[in-house]
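Residue numbers (the UniProt record's numbering): 1 to 431.
Taking it in order: structure first as structure tokens, then the write-up.
Written out as structure tokens, the structure is:
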């Protein structure tokens, strides 16, 4: 009889292991992987996908199965193991009551130990590492068990929902389960640590979320840095200036930067120069699109795509020109700096001595924070450039020669033009 009970315990532990493996593999497996397996002709992939798409129901089936087998193991296992231990413990110089207590404790410990290690921990680890393989293997038996216990599972789920509502708990099903941006970034960071994605892919994902909220004023070339051509210039006069600066598109102004008539491209002017290099730029300008400085970058990109334009003039609430933005500026927000055939490579953080660096004011604050590991360098006003940070934190002190220190790193302003910080020297005084 004891032999039969031991076999029953072993079978129940095995079934528990199957339910545990099923539960963790259903949560871990990716639908996209199963869809790929189905497309490749894997016979159980379609049913496995059905299980994943009805996760609540099949997880409940797993939990019910684990509960039932655990109850049987507890009911049969403790008594069986205690009867096996009783003769051994009876030989010890202990009173009957103490022997009974010791055998009871030991039997519970042994049964629990074996059930947890063999029935739960091992299958959990295996199923997480081999989720597709396990899901395909358990799909059919789990589906059969679910059909057999369908009404009871529905009763359990309905009861859980009622009790949850009574205590003010919102019960979330798999259809409502979503990840926030922060959670997606955390998942991606974990995948990066595990080598499942590379650093570039992680940066693309992070940049996309930032791109969704960033305003055009944060990425534009500001008015002071804009290189422009005069409206009454000839093509012959304009081409050397474009080549000297290194941009492929230039705004064309009439009298001031507030009177932007349009823009020209180097390619366009070179073509025209073969026909008539004395032609005026006024005859070549293309109308740009105009966007507000507070417009979200993704909306500017959409407008550029709709109008088939690669450049936009950025204006403030009064209609004054505050800068320009190109489609290259926008793309760089996702993929990083792009060096085209007219660009020259230039380090953003230039080393000029031992632990001394030179940067432009338009460098992003994030780059400085990460390069120097400055956790506390945050701008409460939301400025994203180092120059903007200086103006925001020290509005009345921004001038050539002004210095300030953040966590042992000293920043010295070298060049200011019309309140815009353009050059900054950085010295790391930390040991």
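In this text, a Cβ means the ideal position worked out from N, Cα and C, and glycines have one as well.
For residue 341, which of helix, strand or coil comes out of DSSP?
The pLDDT assigned to residue 341 is 48, lower than 50, so where the model puts this residue is not dependable; a value taken from the coordinates is nonetheless given after this. It is coil, neither helix nor strand.
Within 8 Å, do at least three Cβ pairs link the region 55-65 to the region 17-32?
Yes, the region 17-32 touches the region 55-65.
If the criterion is Cβ atoms closer than 7 Å, does the pair residue 125 and residue 134 meet it?
No, these two residues do not count as a Cβ contact at 7 Å.
If I follow the unbroken beta strand (DSSP E) through residue 412, where does it start and stop?
For residue 412, the enclosing beta strand (DSSP E) has its first and last residue at 409-417.
Could you tell me which whole beta strand (DSSP E) segments of length 3 or greater appear in the region 246-329?
Those beta strand (DSSP E) runs which fall completely within the region 246-329 and span 3+ residues are 249-253, 260-265, 289-292, 311-315 and 321-326.
Assuming residue 217 and residue 314 are in contact, meaning their beta carbons sit under 8 Å apart, how far apart are those beta carbons, in whole angstroms?
At roughly 7 Å, the Cβ-Cβ gap stays under 8 Å, so residue 217 and residue 314 are in contact.
Start-to-end residues for the beta strand (DSSP E) that takes in residue 427
Membership of residue 427 in the beta strand (DSSP E) is indicated by the continuous run 420-428.
Among residues of its own chain, excluding the 5 on either side of residue 377, which ones have a beta-carbon nearer than 8 Å to its beta-carbon?
The answer, listed in chain order, is 365, 368, 369, 389, 406 and 407.
Considering only C-alpha positions, which residue in the set 252, 74, 154 and 35 is nearest to residue 6?
For the options 252, 74, 154 and 35, the alpha carbon positioned closest to that of residue 6 is the one of 74.
Give me the Cα-Cα distance between residue 341 and residue 250, rounded to the nearest whole angstrom.
Unreliable placement is indicated for residue 341, whose pLDDT of 48 sits below 50; no coordinate value is reported for it.
Need the endpoints of the beta strand (DSSP E) that residue 34 sits in, please.
In the DSSP assignment, residue 34 falls outside any beta strand (DSSP E) and lies within the alpha helix (DSSP H) extending over 31-39.
Put residue 359 into one of helix, strand or coil per three-state DSSP.
In the structure shown, residue 359 sits in a strand (DSSP, three-state: E or B).
Going straight from the alpha carbon of residue 162 to that of residue 67, what length do you get?
Distance between the alpha carbons of residue 162 and residue 67 is about 21 Å.
Looking at C-alpha atoms only, which residue of 360, 355 and 335 is the closest neighbour of residue 347?
It is 360 whose Cα lies nearest to the Cα of residue 347.
Indicate whether the contact test is met: 3 or more Cβ pairs, each with one atom in the region 211-225 and one in the region 315-330, closer than 8 Å.
A contact exists between the region 211-225 and the region 315-330.
Contact check, residue 327 vs residue 310, beta carbons under 7 Å:
Yes, the Cβ-Cβ distance between residue 327 and residue 310 is below 7 Å.
Determine the direct distance from the alpha carbon of residue 184 to that of residue 49, and round the result to whole angstroms.
Counting only the Cα atoms, residue 184 lies some 23 Å from residue 49.
Among 428, 329 and 300, which residue has its Cα nearest to the Cα of residue 352?
Residue 428 is the option with its Cα nearest to residue 352.
Strictly by DSSP, which residues pair up with residue 403?
Answer by DSSP bridge pairing, in chain order: 412.
List the whole-angstrom C-beta distance separating residue 434 from residue 8, where the pair is believed to meet the contact cut-off of C-beta under 8 Å.
Lying outside 1 to 431, the shown extent of the chain, residue 434 is not represented and no answer is given.
Rounded to a whole number of angstroms, what is the C-alpha to C-alpha distance between residue 268 and residue 358?
Approximately 36 Å between the Cα atoms of the pair.
Given a threshold of 16 other Cβ atoms within 10 Å of its Cβ, counted over all protein chains shown, does residue 117 qualify as buried or as exposed?
That one is exposed.
Apply the 10 Å Cβ neighbour rule to residue 417 and answer buried if 16 or more other Cβ atoms are within range, or exposed otherwise.
With fewer than 16 other Cβ atoms within 10 Å, it is exposed.
Residues bridged to residue 222 (per DSSP)
According to DSSP, which records beta bridges pairwise, residue 222 is partnered with 323.
Is it true that the region 267-287 meets the region 232-243, where meeting means three or more beta-carbon pairs spaced less than 8 Å apart?
Enough Cβ pairs lie closer than 8 Å, so yes.
Return the CA-CA distance between residue 87 and residue 69, expressed in angstroms with no decimal places.
Computed Cα separation, rounded: 28 Å.
Let me know if residue 329 comes out buried or exposed under the rule of 16 or more other beta-carbons within 10 Å of its beta-carbon.
That one is buried.
Where residue 352 sits in the DSSP three-state scheme:
Residue 352 sits in a strand when the DSSP states are folded into three classes.
Considering only the beta carbon of each residue, do residue 266 and residue 248 sit closer than 7 Å?
Result yes, Cβ atoms of residue 266 and residue 248 sit closer than 7 Å.
Which whole-angstrom value is the C-beta distance of residue 252 and residue 291, which I expect to be below 8 Å?
At roughly 18 Å, the Cβ-Cβ gap does not stay under 8 Å, so residue 252 and residue 291 are not in contact.
With a Cβ-Cβ cutoff of 7 Å, do residue 333 and residue 211 count as a contact?
Cβ atoms of residue 333 and residue 211: closer than 7 Å.
Can you tell me whether residue 401 is buried or exposed? The criterion is at least 16 other CB atoms within 10 Å of its CB, across all chains shown.
When all chains shown are included, residue 401 counts as exposed.
Among 287, 275 and 354, which one has its Cα closest to the Cα of residue 263?
Comparing Cα positions, the closest option is 287.
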